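The structure appears right after this line, and notes come after that.
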Amino acid sequence: MTGRFLLCGGSGLIGTALTDLWSTRRVEVVHLSRRSHVQGVQAVQWNPTMGDLPTESVDGFDGVLHLAGESIASGRWTRARKERIRASRVQGTALLANRLAAAQERPRTLVCASAIGYYGDRGADVVNEESAAGTGFLADVAQEWEAAAQPARDAGIRVVHLRLGVVLSSSGGPLALMLPPFKFGLGGPIGSGDQYLSWVTLRDVVRSIDHVLNDDGLSGAINVVAPTPVSQRQFAASLGRVLRRPTVLPLPSWAVSLLLGEMGRELLLASTRVEPTRLKASGYAFEHDDLDTALRDLLI
-17 MTGRFLLCGG SGLIGTALTD LWSTRRVEVV HLSRRSHVQG VQAVQWNPTM GDLPTESVDG
43 FDGVLHLAGE SIASGRWTRA RKERIRASRV QGTALLANRL AAAQERPRTL VCASAIGYYG
103 DRGADVVNEE SAAGTGFLAD VAQEWEAAAQ PARDAGIRVV HLRLGVVLSS SGGPLALMLP
163 PFKFGLGGPI GSGDQYLSWV TLRDVVRSID HVLNDDGLSG AINVVAPTPV SQRQFAASLG
223 RVLRRPTVLP LPSWAVSLLL GEMGRELLLA STRVEPTRLK ASGYAFEHDD LDTALRDLLI
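The opening position of the sequence shown corresponds to residue -17 in my numbering, with each subsequent residue numbered one higher.
As structure tokens, then:
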């Protein structure tokens, strides 16, 4: 793949991996950043809170990737924090979509991050891109987040929403946070352990983005998850096997609610069993579709 791409969220886990990959190819990457200078890459400055993004600064790109958003897992969800989480996704996406729609040289494609939180807590039910939205804070945010890109779609730009699952990487994200207690033999299932966790490796996220950019037939929602979701209990057991540590210390539901409140209930106790139907149908081949193998590749 070649071309010129604008990347928002380039300093995050996925953005960093994508920038590193593209640096080895004939791909020009420009970061869309709140900072005027980003070390090692070209940058366009914006301030989504203030609505500051000159239309001419987004002209002439082959594709735009919007992966930014305030972390949902770095603290309890106060009312103010929930508003920051929502605004960082909805306002930024709306501003970018409107500027791209008004640009003289529009990109062919806008790829926006979303999340499987769109489906809410669905128990053991299997959901795919055709399934209805769920309920709860994350489901509401995901719906607004995706809707905010409509101006770009109306302008004829192909818009893709990557509904990301739990992204596994040893260098950041949920897995990196889990490793210390598990390495000390203090890990175990969360809550009942029956709730489903739809995971995907960082490597497959980056490869799937490449795939989506190269397949003009893909638009709308795309579930980016491995085709083998597991229960919390299975995930804990798999991580214990790979680390050769016991996983006999569960974290009860009441403790999750007490310590983390609504954030813990939606992120750790909710169950979302997601099928990557459209990604598979498009011919994408997962590098990691077995959890034990994925964890070994990441950690050993």
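All residues carry an ideal CB built from backbone N, CA and C; glycine is no exception. All of these numbers come straight from a predicted model, not from anything done at the bench.
Cβ-Cβ separation, residue j to residue i (assumed contact under 8 Å), whole Å
| i | j | result |
| --- | --- | --- |
| E111 | T259 | 6 Å |
| L161 | V182 | Actually they do not touch by this definition, with Cβ atoms about 18 Å apart. |
| V212 | L277 | Not a contact, Cβ separation roughly 11 Å. |
| S70 | E87 | About 27 Å separates the two Cβ atoms, so there is no contact after all. |
| D308 | E257 | The first residue shown for the chain is -17 and the last is 282, placing residue 308 beyond what the model contains. |
| G175 | P232 | 7 Å |
| Y100 | A124 | 4 Å |
| A50 | L184 | In fact, because the Cβ distance is near 17 Å, the residues do not count as touching under 8 Å. |
| P228 | G138 | Their Cβ separation, rounded to whole angstroms, is 56 Å, which puts P228 and G138 out of contact at 8 Å. |
| L200 | S264 | 6 Å |
| M(-17) | D197 | That pair is no contact at about 11 Å. |
Enclosing beta strand (DSSP E) for residue i [first to last residue]
| i | result |
| --- | --- |
| F(-13) | -15 to -10 |
| I(-4) | Premise fails: I(-4) lies in the alpha helix (DSSP H), -5 to 4, not in any beta strand (DSSP E). |
Residue i - containing alpha helix (DSSP H), residue span
| i | result |
| --- | --- |
| S239 | 235 to 246 |
| E128 | 119 to 129 |
| S220 | 214 to 225 |
| L283 | With the chain covering -17 to 282 only, the question about residue 283 has no answer from this structure. |
| A316 | Nothing about residue 316 can be reported from this structure: the residues present for the chain run from -17 to 282 only. |
CB of residue i within 8 Å of CB of residue j, strictly
| i | j | result |
| --- | --- | --- |
| G10 | L120 | Contrary to the premise, residue 10 reads as Glu rather than Gly in this sequence. Cβ distance not < 8 Å, so E10 and L120 don't count as in contact. |
| G147 | I98 | yes |
| V296 | L(-5) | The question about residue 296 has no answer here: the residues shown for the chain are numbered -17 through 282. |
| T91 | R140 | yes |
| R255 | R104 | yes |
| G173 | L251 | yes |
| S152 | L281 | yes |
| A55 | C94 | no |
| A85 | P133 | no |
| S180 | H143 | no |
| Q73 | P36 | no |
| A106 | S253 | yes |
| R16 | Q24 | no |
| G42 | L195 | no |
| G33 | L77 | yes |
| G243 | R58 | yes |
| Q214 | P171 | yes |
| G(-9) | T1 | no |
Beta-ladder partner(s) of residue i, from DSSP
| i | result |
| --- | --- |
| T91 | G45, R140 |
| N29 | D34 |
| N205 | R145 |
| R255 | V108 |
| L14 | C(-10), V26 |
| V9 | G(-15) |
| S264 | According to DSSP, S264 bridges with nothing at all. |
| A97 | L146 |
| V20 | V23 |
is_contact[residue i, chain C] using C-beta, thresh 8 Å
| i | result |
| --- | --- |
| G167 | Absent here is chain C; the protein component of the structure consists of one chain. |
Inset, instruction - Identify every run of the alpha helix (DSSP H) within the segment 139 to 198, keeping only runs that are complete inside it and at least 4 residues long; order them along the chain. - result: The qualifying runs are 155 to 165, 184 to 196.
Inset, instruction - Scan the segment 55 to 85 and note each continuous alpha helix (DSSP H) run of 4 residues or more that stays entirely inside, going in chain order. - result: Counting whole runs of 4 or more residues, the segment 55 to 85 contains the alpha helix (DSSP H) stretches 61 to 84.
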